[in-house]
Structures are given as C-alpha cells and as structure tokens.
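Residue numbers (this note's numbering), protein chains in the order written: chain G, 2 to 440; chain L, 2 to 440. No residue lacks a Cβ here, since even glycine has one placed at the ideal position from N, Cα and C. Predicted model, so just to flag it, every value in this text is computed and none were measured. Below is one structure; the comments refer to it alone.
Protein chains: 2
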Amino acid sequence: MAKVTPRTLSGFMELPPKEQMKLEKMMGVLRDTYSLYGFTPLDTPVIESAEVLLAKGGGETEKQIYRFQKGESDLALRFDLTVPLAKYVAGHYGELSFPFRRYQIGKVYRGERAQRGRFREFYQADIDVIGDGKLDILNEAEIPAVIYETFTRLGLKKFRIRVNNRKLLNGFYAMNGMSEKAGEIMRTVDKLDKIGAQKVKQLLIDEVKMLPDKSENVLDFMAICGTNAEVLERLEMYRGMDATFDQGLDELIVVTKYLQDFGVPEENFAIDLTIARGLDYYTGTVYETEMTEHPEIGSVCSGGRYDNLAEYYTDKQLPGVGISIGLTRLFYVLSEQGLLSDEVVTAPCDALVLPMTEDLAPAVAAATALKKKFKAKIGYADKIGVPFAVLIGEDEVNEGVVSVKNMQTGEQQKMPAREAAACIKAAMEARSRAKVIRA
Amino acid sequence: MAKVTPRTLSGFMELPPKEQMKLEKMMGVLRDTYSLYGFTPLDTPVIESAEVLLAKGGGETEKQIYRFQKGESDLALRFDLTVPLAKYVAGHYGELSFPFRRYQIGKVYRGERAQRGRFREFYQADIDVIGDGKLDILNEAEIPAVIYETFTRLGLKKFRIRVNNRKLLNGFYAMNGMSEKAGEIMRTVDKLDKIGAQKVKQLLIDEVKMLPDKSENVLDFMAICGTNAEVLERLEMYRGMDATFDQGLDELIVVTKYLQDFGVPEENFAIDLTIARGLDYYTGTVYETEMTEHPEIGSVCSGGRYDNLAEYYTDKQLPGVGISIGLTRLFYVLSEQGLLSDEVVTAPCDALVLPMTEDLAPAVAAATALKKKFKAKIGYADKIGVPFAVLIGEDEVNEGVVSVKNMQTGEQQKMPAREAAACIKAAMEARSRAKVIRA
Numbered sequence: 002m003a004k005v006t007p008r009t010l011s012g013f014m015e016l017p018p019k020e021q022m023k024l025e026k027m028m029g030v031l032r033d034t035y036s037l038y039g040f041t042p043l044d045t046p047v048i049e050s051a052e053v054l055l056a057k058g059g060g061e062t063e064k065q066i067y068r069f070q071k072g073e074s075d076l077a078l079r080f081d082l083t084v085p086l087a088k089y090v091a092g093h094y095g096e097l098s099f100p101f102r103r104y105q106i107g108k109v110y111r112g113e114r115a116q117r118g119r120f121r122e123f124y125q126a127d128i129d130v131i132g133d134g135k136l137d138i139l140n141e142a143e144i145p146a147v148i149y150e151t152f153t154r155l156g157l158k159k160f161r162i163r164v165n166n167r168k169l170l171n172g173f174y175a176m177n178g179m180s181e182k183a184g185e186i187m188r189t190v191d192k193l194d195k196i197g198a199q200k201v202k203q204l205l206i207d208e209v210k211m212l213p214d215k216s217e218n219v220l221d222f223m224a225i226c227g228t229n230a231e232v233l234e235r236l237e238m239y240r241g242m243d244a245t246f247d248q249g250l251d252e253l254i255v256v257t258k259y260l261q262d263f264g265v266p267e268e269n270f271a272i273d274l275t276i277a278r279g280l281d282y283y284t285g286t287v288y289e290t291e292m293t294e295h296p297e298i299g300s301v302c303s304g305g306r307y308d309n310l311a312e313y314y315t316d317k318q319l320p321g322v323g324i325s326i327g328l329t330r331l332f333y334v335l336s337e338q339g340l341l342s343d344e345v346v347t348a349p350c351d352a353l354v355l356p357m358t359e360d361l362a363p364a365v366a367a368a369t370a371l372k373k374k375f376k377a378k379i380g381y382a383d384k385i386g387v388p389f390a391v392l393i394g395e396d397e398v399n400e401g402v403v404s405v406k407n408m409q410t411g412e413q414q415k416m417p418a419r420e421a422a423a424c425i426k427a428a429m430e431a432r433s434r435a436k437v438i439r440a
Numbered sequence: 002m003a004k005v006t007p008r009t010l011s012g013f014m015e016l017p018p019k020e021q022m023k024l025e026k027m028m029g030v031l032r033d034t035y036s037l038y039g040f041t042p043l044d045t046p047v048i049e050s051a052e053v054l055l056a057k058g059g060g061e062t063e064k065q066i067y068r069f070q071k072g073e074s075d076l077a078l079r080f081d082l083t084v085p086l087a088k089y090v091a092g093h094y095g096e097l098s099f100p101f102r103r104y105q106i107g108k109v110y111r112g113e114r115a116q117r118g119r120f121r122e123f124y125q126a127d128i129d130v131i132g133d134g135k136l137d138i139l140n141e142a143e144i145p146a147v148i149y150e151t152f153t154r155l156g157l158k159k160f161r162i163r164v165n166n167r168k169l170l171n172g173f174y175a176m177n178g179m180s181e182k183a184g185e186i187m188r189t190v191d192k193l194d195k196i197g198a199q200k201v202k203q204l205l206i207d208e209v210k211m212l213p214d215k216s217e218n219v220l221d222f223m224a225i226c227g228t229n230a231e232v233l234e235r236l237e238m239y240r241g242m243d244a245t246f247d248q249g250l251d252e253l254i255v256v257t258k259y260l261q262d263f264g265v266p267e268e269n270f271a272i273d274l275t276i277a278r279g280l281d282y283y284t285g286t287v288y289e290t291e292m293t294e295h296p297e298i299g300s301v302c303s304g305g306r307y308d309n310l311a312e313y314y315t316d317k318q319l320p321g322v323g324i325s326i327g328l329t330r331l332f333y334v335l336s337e338q339g340l341l342s343d344e345v346v347t348a349p350c351d352a353l354v355l356p357m358t359e360d361l362a363p364a365v366a367a368a369t370a371l372k373k374k375f376k377a378k379i380g381y382a383d384k385i386g387v388p389f390a391v392l393i394g395e396d397e398v399n400e401g402v403v404s405v406k407n408m409q410t411g412e413q414q415k416m417p418a419r420e421a422a423a424c425i426k427a428a429m430e431a432r433s434r435a436k437v438i439r440a
C-alpha cells in the first residue's frame, strides 16, 4: 500500500509523552490557581462566524486569520480568547453575575510566517474580570497578583511584572502638546530596549518630526527608573499639569500599594513607563512580564485595563481588566532554556506491577497474561520512567508479600501489598511537590 | 456604532458558568482515572494536512469534514482522535515505548446537519493501547475496566458495557456460507433494537436475498442472551465448525474472565452478539456502552480491537485496542435527563471575603476597596453560588475574629480567621466528594 508521510504541519506543536506531561502539569497549575482566585472556567468554540470574530475588523489580525467557507457559512478560527469573551459576555449578559471573573485556557490560531519558536496553533491562558458599567481599580492589582502566584507555583522565580498606566502616558503626551503623535511616539519608544536612547531620539526627530527639546522630554520621562517608590516620587513632579496624567498617577499609586498588600515582592513587579501595549484598546493599567535573565524573549504575559470589552456587540458598557499567558510560547522558551524540571513525575503511572509467575491470586490474575521475561519487563518500567516496580514472583506469592523496587535507587524490599501501596504513595506525594519549572 | 449580533454557531456547545464547571469536573475525573491506569496524555493539532487526515479517505467522513485552503496548503480539521493517533505513533515510532498507552481529550469537528443534540464541534475522550507487532488480549479486558472505573467515579451507575468479538461474527457468517454478505447482514441486524426480529428477518430475505432458513440461523444466533456464562455456554455449541469462530469464542471467554478479575460487576458488562461496530477496522473485541434506562440514546462509549492502526502511514504492524467517550454528547444527554448533580461545587470559589469596613489590617486591606452595601455583597455571594461568606465588620475587627456564614443553611458563627479556614476546608472536602452524575 502506498504510504502517506505522517507529518505534522509546521508551526504546530506536538510533544513527546514526557514533555506533554510537563505541559499538562503547567495547565493543571494554571487551572488550580485561577480557580483559587475565584475565576470560573469558560470554553468557547474554536470556530466562529467570521462576521462575529472580525466585528472589530482590519489590521494584521485579518491577514493572519484562518478563514474559510463551509456550505453557505463564512467561518473563521479564533485568533485570541478576548474576542470570544466579548461575544460570550454580550450574548449571555442576562445569565451572568458581575463582576464576572472567568479564565480560559484554549488553542488559538494565527497563520503567521512559520519560524522557530513561532506557532500557528498555540495555547493562551487568560483571566479577565468584567464589570457591568463599572469596575473597581482593586482588580487592576489583583490580576498581576494572580500571575505572581501562578508563576511562583510553577516554580518560576526570575520574572518581573512591569506595570504602567495608559492615562499617565496619554496625560504626559497631552501636557507636551503631542497627543496627535502619541501613537507614533509610543511605537518608536518601544524600540528603546533594542536600539538605545540616542537612536530613538534621532528617530523621534527625523521620522516623527518632533522638535529636539520635545524628544528630550520624552526620553527624560521614559528614563525615570529606580524603586517603585522612587519612580512614583519622580512622577509627582509632573502633577498638576494635566488632569488625565494626575488620574493615571493616582491609579498607579493605588495599584502599587495593593500589589504590596497582595504580597507581591518588589523584585517581581516594577513600574516601567516604557510599557504601552496596543494603542486603541487599553485605557488604564497595562502589564508586561519579562523573564529577568532572558529579556530577549520579550513579554510572556501581557494585558491591562479596558473600558469597553464588547462595544461591537452591545451598547452595555463592560469595563474589564485581563491578562494572557502565551502558554505554548512560554513552554517552548522554558524548554529551550533547559528550565523544565525532570523532577516532575512524567511517568504514566507510579508503579508497574510485574507478575513473574503464571498463576496468581485473583487480585493479580489479570496481570499474569504478560508473557515477557523479567529483564524485558524491568526494561519497560525503566523505559517509560516508572518510579517503582512491584515484583510478584513465586517466592512473594508463597510468603504473601510483594517486592517493591525503587527504580531510581535500585533498592528492593519485600512487604505486604497494603504496606507497599502506602509506601509508594508517601514517596510519590513527596515527589508531586516538585515544581515544573526549575528557575 | 452598528452592532454585530454576538451569536454562536449552531451545533457548537457554549455553556453557562455553572454548567461549564460540571463539564470541567467530568474532564478532571477522566484525566485522573486515565492517568491512574497509566495512560499518558497526548495533544495533537486540531488542524492537519488534508492529505494526512484523509489518507484512509472516502466515505461519510469526507463529506462532513471541515477542509480549506490557507495559502498553498490543503488543510482539514480533525474529525476524530484515532487518525491523529495513527499519525503520531507512525511519526514518533522511534521515540515511543510499546505498549504505548495514551489518552487524549480534545475537540473534533464534523459538519453534520445541525439538529438537537448533534454537535459539529465536540469533545472526544479516548484511550488506546498500541502494541509494536503484537498486543496481549489482556488489554481488551482492561480497556472496558477503565471505562467502568471512569463511569463509576463520575457517579454513573445504570450503564452496561456490551461486548462482542468480530472473529466470532466473521466465523459465524463463514460457517453459514454468508461471508460475502456479512456487511449487509450486520447493517440489517443493527436494526434489531429499532424494528424487531420479524421485520429484520423480512429485510434479510427481501433485500439481502437470503434463504429463509439462513436468515432464521442469523436471528437464532443474535437472539442468544442470558448471563454471560449462559451466553458462552450456548456459543460452545457452535464450536468446531470454523477456526475463526473458535478463536473469537476463546477470546471472548478470556476477556469475560479478565473483566471479572478487574472487578467489573456483571450488571455493568454483558456479551451482546448484535454489536458489530464499523466493518473494515475492528478485528477482535468490540464495545458499545448503553445507559440502561435510556437505550434510546444509543452508545455513549464505543471502541474495540484493531490489527493495524497506522497502515496508511507505515509498514509497521501496530495492533491496538481503544475506546472513545463522546463527552459533549454524554454531557448533553445527562444534562437533558436531569442527571447532573447540583451537589457538585460549581461556585468559582469556596468563600467570599466581605469586608464591611473601610480600614482593616493589611491582610485584608486590598478587599476594603469594595464599596457596596452589605445586602448587595451577600447577594453577590449568593448569586455566584459561593458556599461560605466571611464577614469582616467593625465588631469582628475589634474582637480579632471573622464571621463565617454558611450560605446554604444561613448559619453564622464568629471565630478566629485561622479556624475559619480549617472549618471551610473541612466542609468543602466533604462536598468535593460529591459525584458529578447522580444516576
């Protein structure tokens, strides 16, 4: 028979069993932590009507989207979890209690040019809190606090959630008479990390057509750094010149205070005035998260406050705040950096029962059908990485015991079956506390 | 602004929060039980090359498939989890340890005509054991044993796994000289439940063109029923007439014995000679699972033994046995029948902390930002179905305690915060043992 090559499309992640178990463990931690903070799980279709999915329309998104006809229907695959959330909240408005706190972990699709570390199908893991008409600023601090807890439970230590406020930025540009150019300026300032202050200044003058002293103002502002208290103190010097700026500063002060109250250490969050995120969506606090030893990776978790989740679907004012972990990319990066722990149990089971005789008590009768020799059996246990092997030979049957072999240490001990279960359970519980990321 | 109606496509399930939590709970039970039996999780792309997905080609499947072009690529959405498994095992053959035991819970897509209870996007939850060249028959008993354990953990009681063997059927048709018509006969016999023996007999004579005595033979055979021991005894009377039949009977005897050894009660599994499943794929034991009080629903979990998982991709002989739960359909049916328990905790959290003052100790400082009045706060706790409310007012702050209100009983008690945590934890642990299905 002619064979078809069993290939997987490029840009689509498909893992070997042990790696898949690490990803599953990460997803389990996300589900548990998000639930602990009172977020309820949501699942929306992967396929939506193109009209619904592209209600906002335009831009880069439309080029990347998987869109196709099925019968008379114009369909598309979701490219993020925010648009489906907007559709869901607008469509189920009457059934929901607000603030509506939901998490969603699901695959999204973007037909980007395939390249190493870029995926066309990838998991996002989102949390959002949606208010009905209004939403307390407390939520803008709680969201990064949940991310801090999530990363900590995953075992990630060297990360920093960078926080800024769009009102602060918009106010700053307004007080300098640069509101119209704010978009262009932010896109240029975004290159600070890559090309440095001097080149950014030149671009601001040459391409954005700013006066040298105005571009100097921008760079001075963006250069504000130090502890969070120091940054806030420097920002106080701009107070009183623009109402929006002042409001943004007040919000930043409150969010910073609450983040401390939520127990997030200062080393894991920092005010960073260079963070802006998208231009037309976020309206208050914005977040990016960097791995401090790998800034080249970019943000692994981003989001912010928005005033109008579902304006394309409903007249209801639905402000919210949310954040998204690019899970597939984060997993890929951690794996590439060797930061995934092999301590995590990745065997499909804790112990493999290896009967060494043909005829045993009914309890293990089923297992007698195995016909391989001892060495092959132990080899299988070892190959699939099972931590324990339970050996049942003639001797064990006669003595009414089993032999428990620790596959890591090679140690082997006879004991009654019931004791063996407790012994394996205790050892596995200790191991199950291992974190999936060793960073 | 012109609004787009936030509709969800017909045939795509999208649940309210509380229902979603029940589905998540079911998925959690499936993951845990499958893992307990040593199945390793697998995740494959939703999108595959159409050439790979349709390697087997033809039939009903091809009409229902979601297939589309993206750039130069001819793509399709997976319509089951078996073809991706075949692709995976063939493609990763060198990296896997055999027998390879995997589970996969994922969405699949079939553009069927939309009708009530029929879904175009639905979850399947599959387990398979794949051997390299050979596979012990023990696995053909373990697979339904895992399903028994899974359904029992879900809380489902009134179900029966119906077991048959394709060799037995093929052998029976051979000994009657009806091998060529076996396909047609099986399709006709499949209608027994619906139209009864007399009409099936008439169809066998009129449409399959069988002689009346031969059709009588078929109906006599299919009518064999009773306890598993009785059925096996009746089948012994056919022994010696066809080698394939005898082999099938031996396998059925072994599978029945092992199922007992695995602790599956006879009320939950039955030999049923009318079960055949697909014509060209299964080669040994086959399964269907009915809800005994709702036979009209059809099989909620089906599968069987096959000899050649991946023949379209590789020359390797990869025999296996697997079973699939149609999770979305099962959930829909349970929900329609009122069999989903509301005992299961479906609140997004166990307790809601309700600060009743503006200024509190740092530990709850964050929560002080809530500005609503008491009634509205308690109403929110009630609306989202939280089991406990923790009230922190002036009195509580002064006394160094919190008030814990059981939202089910209305009972309210003051205690130190630490004690409250233990008290809520104990109550929730008791509740968490509630099963998701109350049948």
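Note to self: Taking CB distances under 9 Å as the criterion, tell me whether Thr-189/G reaches chain L.
What the structure shows: no
Notebook entry, point to check: Mind checking if Phe-69/G is an interface residue toward chain L, Cβ cutoff 9 Å exclusive?
Noted result: yes
Margin query: So for Cys-226/G, helix, strand or coil by DSSP?
Written below: coil
Check: Touching or not, the segment 249-256 of chain G and the segment 168-177 of chain G, by the rule of three or more beta carbon pairs under 8 Å?
Finding: yes
Notebook entry, point to check: For Pro-296/L, which residues in chain G fall below 9 Å Cβ to Cβ?
Noted result: None at all; the shortest Cβ gap to chain G is about 30 Å.
Margin query: Can you pull the chain G neighbours of Ile-148/L, defined as C-beta to C-beta under 8 Å?
Written below: Simply none; closest approach about 15 Å.
Next item on the list: Tell me, please, whether the CB atom of Asp-44/L is closer than 9 Å to any CB atom in chain G?
Entry: yes
Check: Interface residues of chain L around Ser-50/G at Cβ under 7 Å?
Finding: Arg-8 and Leu-10
Notebook entry, point to check: From Lys-436/L to Lys-26/L, what distance separates their C-alpha atoms?
Noted result: 9 Å
Notebook entry, point to check: Cβ of Phe-270/G less than 9 Å from any chain L Cβ?
Noted result: no
Next item on the list: Taking 8 Å as the threshold, find out whether the segment 313-326 of chain G comes into contact with the segment 117-135 of chain G through three or more Cβ pairs.
Entry: yes
Check: How many Å lie between Gln-199/L and Gly-184/L at the Cα?
Finding: 20 Å
Note to self: I'd like to check one pair, Gly-118/L with Arg-330/L: are the Cβ atoms closer than 9 Å?
What the structure shows: yes
Notebook entry, point to check: By how many angstroms is the C-alpha of Thr-189/L removed from the C-alpha of Thr-275/L?
Noted result: 10 Å
Notebook entry, point to check: How far does the alpha helix (DSSP H) with Leu-212/L in it reach, from first residue to last?
Noted result: No alpha helix (DSSP H) contains Leu-212/L, which DSSP labels as neither H nor E.
Next item on the list: Taking only runs that begin and end inside the segment 389-438 of chain L, name each unbroken alpha helix (DSSP H) of 4 or more residues, in chain order.
Entry: 395-400 and 418-433
Note to self: By alpha-carbon positions, which one of Leu-260/G, Lys-19/G, Arg-68/G and Arg-121/G ends up nearest to Leu-341/G?
What the structure shows: Lys-19/G
Check: Roughly how many whole angstroms lie between the Cα atoms of Pro-7/G and Leu-328/L?
Finding: 27 Å
Note to self: Going by C-alpha to C-alpha distance, which of Lys-415/L, Pro-388/L and Glu-234/L sits closest to Ala-430/L?
What the structure shows: Note that residue 430/L corresponds to Glu in the displayed sequence, not to Ala. The candidate whose alpha carbon is nearest that of Glu-430/L is Pro-388/L.
Checklist line | Residues within the segment 17-44 of chain G neighbouring chain B, beta-carbon criterion of under 9 Å | finding: No chain B appears in the structure shown, which is made up of the protein chains G and L.
Notebook entry, point to check: Glu-289/G by DSSP, collapsed to three states: which one?
Noted result: strand
Check: Expressed to the nearest angstrom, what Euclidean distance is found between the alpha-carbon atoms of Val-53/G and Asp-75/G?
Finding: 10 Å
Margin query: Using the Cβ count rule (16 or more neighbours within 10 Å means buried), how would you classify Met-238/G?
Written below: exposed
Check: Since Val-47/L is in the beta strand (DSSP E), which residue starts that stretch and which ends it?
Finding: Note, Val-47/L: premise wrong, no beta strand (DSSP E); not H, not E.
Item checked: Selected residue, minimal CA-CA separation from Leu-233/G, among Gly-339/G, Arg-121/G, Ser-36/G and Asp-273/G -> Asp-273/G
Margin query: Quick check on Tyr-307/L - is its C-beta less than 9 Å from some C-beta in chain G?
Written below: no
Check: Roughly how many angstroms separate the alpha carbons of Phe-69/G and Tyr-38/L, rounded to a whole number?
Finding: 40 Å
Checklist line | Candidates Gly-72/G, Arg-102/G and Asp-262/G: closest to Arg-319/G by CA position | finding: Per the sequence presented here, residue 319/G reads as Leu, with Arg not at that position. When only C-alpha atoms are compared, the closest one is Arg-102/G.
Next item on the list: Rounded to whole angstroms, what's the CA-CA distance from Leu-220/L to Glu-61/L? Just pull it up for me.
Entry: 29 Å
Check: Do you know whose CA, among Gln-409/G, Val-405/G, Glu-412/G and Gly-411/G, lies nearest Thr-419/G's CA?
Finding: One point to set straight first is that residue 419/G is Arg, not Thr, in the sequence displayed. Out of Gln-409/G, Val-405/G, Glu-412/G and Gly-411/G, Val-405/G has the C-alpha closest to the C-alpha of Arg-419/G.
Next item on the list: Residues of the segment 102-117 of chain L with a CB closer than 8 Å to any CB of chain G: list them in chain order, please.
Entry: Arg-102, Arg-103, Lys-108, Tyr-110 and Gly-112
Check: Does the beta carbon of Arg-121/G sit closer than 9 Å to a beta carbon anywhere in chain L?
Finding: yes
Check: How about Met-14/G: is its C-beta nearer than 9 Å to some C-beta of chain L?
Finding: yes
Notebook entry, point to check: By the criterion of Cβ-Cβ separation under 8 Å, what are the contact partners of Glu-312/L in chain G?
Noted result: Met-2
Notebook entry, point to check: Roughly how many whole angstroms lie between the Cα atoms of Tyr-67/L and Thr-245/L?
Noted result: 40 Å
Checklist line | Identified DSSP bridge partners for Val-164/G | finding: Ile-272/G and Tyr-288/G
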